[in-house]
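Each remark here refers to the structure printed beneath this line.
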Ligand SMILES: Nc1ncnc2c1ncn2[C@@H]1O[C@H](COP(=O)(O)OP(=O)(O)O)[C@@H](O)[C@H]1O
Ligand SMILES: [Mg+2]
């Protein structure tokens with residue numbers, strides 16, 4: 007995949023922005039306080055304390071079954087209706103309690119988008135996949151819809167491939183293209199935070215790279231939390247890394263720190279175990 | 227493969243051999259103590275025959291249902307053929323249904339002996355069949371869809387299992403019981419409580435169809451509602467299975483961009499299941515078209531006229547065949563019976579079209595789900 011001149015410039019801009027933000031006191035996008043989650047009384051997410059700064063990419067890594075997905079889904083309250091789920095502690099989104107009684111789930115989920123492990127385009131046309139969220143939240147008048155669809159598809163680099171078949175089913179697209187469509191769909195409702203749960207684990211290397219490039223372009227306008235089992239990926243894109251094990255947050259730190267000088271022995275084992 | 231087998235056999239105490247089959251008391255066939263085991267044995271034997279016979283034999287055995295269907299259709303058409311010839315196209319457009327004179331000498335028409343004055347027009351019956359079935363669908367489809375959605379999306383696994391059991395029980399209730407309930411309870415209720423309200427509807431064309439005199443509560447509406455209730459379990463259980471097949475990841479995807487439950491149902495679940503629901507609807511329609519006893523008991527069984535309103539007496543093809551068979555057999559020429567057979571032909575054609583349509587749509591729906 008070639009990096010065009012424009013792209014390179016935006017990326018440089020992004021780096022500049024990130025640096026500015028780091029210099030200034032960066033506000034917290036997500037603040038997790040003593041958060042515990044249980045399924046049928048079994049603790050799956052254990053007393054997590056974590057601060058995710060605005061405009062950063064945070065990677066959550068850890069062995070499978072350690073509660074990464076469950077934790078991620080707690081942030082936009084996707085676990086709420088799962089039977090047997092209970093939780094304690096708090097999660098704040100830009101200072102607002104996510105689990106407060108008066109929170110509107112619909113607007114929470116507009117502000118906190120999510121992309122899943124397997125591409126899950128809706129069974130409707132490609133165009134409609136992007137438009138339906140915009141319409142559900144009344145974010146734009148009908149007359150703007152065409153432009154929005156195009157802008158979002160261009161943003162994820164899918165426009166050229168699908169511009170001729172906007173009315174067709176998304177299921178003919180390749181897995182990578184479907185995932186990009188899901189990304190565009192999540193972006194279409196203008197989220198502030200984007201949660202991604204192993205978004206590239208079912209994709210080929212080229213598509214994976216495309217998604218990674220995009221994520222790096224989206225910051226710092228967007229705050230990104232990505233669960234990945236691919237340590238190399240975390241290394242490539244993350245500003246900060248959180249290492250989970252058995253439901254607990256073992257260590258949280260900058261990408262370099264976690265990979266080059268982990269403080270906890272478990273982290274060191276996990277990080278080195280994969281790379282040999 | 228072979229090395230694996232031999233190594234297993236080489237073990238002194240292979241856990242795979244010996245113990246489970248022969249030691250279990252289930253293996254001993256004791257037909258005097260457990261008579262049902264004879265049937266079990268027969269079923270096993272039959273399966274063995276089908277599975278082990280050469281391919282042509284299983285092909286023949288597999289073809290039996292198809293051949294039976296073809297035979298039924300051919301025999302029915304053969305029986306009806308003289309009536310088809312004499313009644314002509316008027317059979318599906320005319321309304322008068324008369325066996326003719328029993329006493330006058332039969333006359334010959336198109337080489338077929340018929341009683342004097344015998345006329346057969348099935349239009350009210352065809353229309354009545356379609357009207358009652360349409361009414362049944364109008365009632366059953368939304369109710370089924372909604373209840374299936376609630377069962378899958380809202381109820382706990384335990385509760386939805388109970389609903390499933392309940393649906394199966396509903397399917398198993400004999401139609402004469404539904405008919406009895408319709409005639410004794412529902413019909414009078416509609417006549418005494420709904421009809422007076424319906425009479426406030428203005429007496430103008432089209433709307434006029436929804437008001438009018440009631441005949442002891444027997445009529446189109448009662449028959450349609452009873453039919454609707456009878457097909458709800460069929461459509462609801464199919465709809466429930468279809469909704470269960472909608473991947474959780476899709477519904478999650480909808481919720482994750484902030485859709486309401488209603489929007490998730492309409493925009494994510496519905497497109498996924500709609501062709502299957504059309505199939506389920508046809509399945510229910512197939513049942514409604516052919517339902518006889520419950521309709522006969524609730525429709526008023528009037529001959530020769532179409533329903534003027536939803537409260538009018540009416541009749542359907544299936545109900546007519548049953549109610550007229552006795553008197554038809556008194557027709558010495560046999561023409562009345564042949565005309566009933568002709569009615570049967572029309573019903574079987576309509577029903578076959580529905581069922582084939584249902585199967586095609588449902589198989590396409592499941593195919594869609596598996597490929598995507
Ligand atoms: N819906 C659920 N009901 C009950 N237990 C669940 C559910 N989802 C996940 N779990 C359990 O929670 C634990 C953590 O799962 P998950 O968050 O998916 O792990 P990860 O994403 O790190 O692989 C697992 O032991 C899993 O069995
Ligand atoms: Mg996971």
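Chains as they are written, first to last, in the working numbering: chain A, 7 to 282; chain B, 227 to 598.
Every residue, glycine too, gets a C-beta built ideally from N, C-alpha and C.
Out of curiosity, what's the CA-to-CA distance linking residue i and residue j?
{"i": "residue 595 of chain B", "j": "residue 315 of chain B", "result": "Bear in mind that a pLDDT of 45 at residue 595 of chain B, under 50, signals an unreliable position, so the number given afterwards is only what the model happens to contain. Those two C-alpha atoms are separated by around 44 Å."}
{"i": "residue 486 of chain B", "j": "residue 110 of chain A", "result": "11 Å"}
{"i": "residue 378 of chain B", "j": "residue 390 of chain B", "result": "11 Å"}
{"i": "residue 512 of chain B", "j": "residue 387 of chain B", "result": "26 Å"}
{"i": "residue 415 of chain B", "j": "residue 309 of chain B", "result": "41 Å"}
{"i": "residue 384 of chain B", "j": "residue 395 of chain B", "result": "17 Å"}
{"i": "residue 452 of chain B", "j": "residue 192 of chain A", "result": "47 Å"}
{"i": "residue 300 of chain B", "j": "residue 291 of chain B", "result": "14 Å"}
{"i": "residue 206 of chain A", "j": "residue 398 of chain B", "result": "50 Å"}
{"i": "residue 575 of chain B", "j": "residue 457 of chain B", "result": "20 Å"}
{"i": "residue 264 of chain A", "j": "residue 136 of chain A", "result": "37 Å"}
{"i": "residue 68 of chain A", "j": "residue 249 of chain A", "result": "6 Å"}
{"i": "residue 196 of chain A", "j": "residue 184 of chain A", "result": "19 Å"}
{"i": "residue 158 of chain A", "j": "residue 235 of chain A", "result": "28 Å"}
{"i": "residue 339 of chain B", "j": "residue 326 of chain B", "result": "12 Å"}
{"i": "residue 507 of chain B", "j": "residue 579 of chain B", "result": "13 Å"}
{"i": "residue 545 of chain B", "j": "residue 504 of chain B", "result": "26 Å"}
{"i": "residue 437 of chain B", "j": "residue 405 of chain B", "result": "23 Å"}
{"i": "residue 285 of chain B", "j": "residue 277 of chain B", "result": "11 Å"}
{"i": "residue 213 of chain A", "j": "residue 180 of chain A", "result": "10 Å"}
{"i": "residue 329 of chain B", "j": "residue 561 of chain B", "result": "15 Å"}
{"i": "residue 411 of chain B", "j": "residue 431 of chain B", "result": "30 Å"}
{"i": "residue 313 of chain B", "j": "residue 347 of chain B", "result": "8 Å"}
{"i": "residue 174 of chain A", "j": "residue 147 of chain A", "result": "23 Å"}
{"i": "residue 518 of chain B", "j": "residue 281 of chain B", "result": "40 Å"}
In chain A, which residues lie less than 8 Å from residue i when you measure between Cβ atoms?
{"i": "residue 414 of chain B", "result": "Under the 8 Å cutoff, chain A gives no residues; its nearest Cβ is about 44 Å from residue 414 of chain B."}
{"i": "residue 480 of chain B", "result": "128"}
Measure how close the beta-carbons of residue i and residue j come, nearest whole angstrom, since I'm counting them as under 8 Å.
{"i": "residue 484 of chain B", "j": "residue 113 of chain A", "result": "7 Å"}
{"i": "residue 570 of chain B", "j": "residue 306 of chain B", "result": "7 Å"}
{"i": "residue 352 of chain B", "j": "residue 446 of chain B", "result": "14 Å between Cβ atoms; not a contact."}
{"i": "residue 573 of chain B", "j": "residue 515 of chain B", "result": "7 Å"}
{"i": "residue 154 of chain A", "j": "residue 168 of chain A", "result": "Not really, about 15 Å apart at Cβ, beyond 8 Å."}
{"i": "residue 45 of chain A", "j": "residue 90 of chain A", "result": "5 Å"}
{"i": "residue 461 of chain B", "j": "residue 366 of chain B", "result": "5 Å"}
{"i": "residue 115 of chain A", "j": "residue 482 of chain B", "result": "6 Å"}
{"i": "residue 475 of chain B", "j": "residue 126 of chain A", "result": "4 Å"}
{"i": "residue 165 of chain A", "j": "residue 171 of chain A", "result": "At roughly 12 Å, the Cβ-Cβ gap does not stay under 8 Å, so residue 165 of chain A and residue 171 of chain A are not in contact."}
So which residues of chain B does residue i contact, with C-beta pairs closer than 7 Å?
{"i": "residue 112 of chain A", "result": "484, 486"}
{"i": "residue 82 of chain A", "result": "482"}
{"i": "residue 250 of chain A", "result": "Going along chain B, no residue has its Cβ under 7 Å from residue 250 of chain A, so there is no contact; the nearest lies around 21 Å."}
Step through the CB atoms of chain A and report whether any lies within less than 8 Å of the CB of residue i.
{"i": "residue 268 of chain B", "result": "no"}
{"i": "residue 498 of chain B", "result": "yes"}
{"i": "residue 467 of chain B", "result": "no"}
{"i": "residue 504 of chain B", "result": "no"}
{"i": "residue 390 of chain B", "result": "no"}
{"i": "residue 375 of chain B", "result": "no"}
{"i": "residue 321 of chain B", "result": "no"}
{"i": "residue 493 of chain B", "result": "yes"}
{"i": "residue 291 of chain B", "result": "no"}
{"i": "residue 382 of chain B", "result": "yes"}
{"i": "residue 247 of chain B", "result": "Confidence at residue 247 of chain B is low in this model, with a pLDDT of 39, below 50, so its placement is unreliable and no value can be given for it."}
Would residue i count as contacting chain B if we go by Cβ distances under 8 Å?
{"i": "residue 139 of chain A", "result": "yes"}
{"i": "residue 130 of chain A", "result": "yes"}
{"i": "residue 85 of chain A", "result": "no"}
{"i": "residue 92 of chain A", "result": "no"}
{"i": "residue 27 of chain A", "result": "With a pLDDT of only 49 at residue 27 of chain A, under the threshold of 50, the placement of this residue in the model should not be trusted; the figure read from the coordinates follows. Judged by the 8 Å Cβ criterion, residue 27 of chain A is not in contact with chain B."}
{"i": "residue 224 of chain A", "result": "no"}
{"i": "residue 116 of chain A", "result": "yes"}
{"i": "residue 104 of chain A", "result": "no"}
{"i": "residue 51 of chain A", "result": "no"}
{"i": "residue 45 of chain A", "result": "no"}
{"i": "residue 191 of chain A", "result": "yes"}
Residue i touches chain A at which residues, Cβ-Cβ below 7 Å?
{"i": "residue 476 of chain B", "result": "126, 128"}
{"i": "residue 489 of chain B", "result": "142"}
What does residue i reach in chain B if we use C-beta pairs closer than 8 Å?
{"i": "residue 119 of chain A", "result": "482, 483"}
{"i": "residue 195 of chain A", "result": "483, 484"}
Could you pull out every unbroken alpha helix (DSSP H) segment of at least 4 residues lying fully inside the segment 344-378 of chain B, listed in chain order? none
For a minimum of 3 consecutive residues, which ranges assigned as the beta strand (DSSP E) are wholly contained in the segment 79-113 of chain A? 91-99
Within the segment 207-259 of chain A, note down every full alpha helix (DSSP H) run reaching 4 residues or more, in order along the chain. 211-224, 237-243
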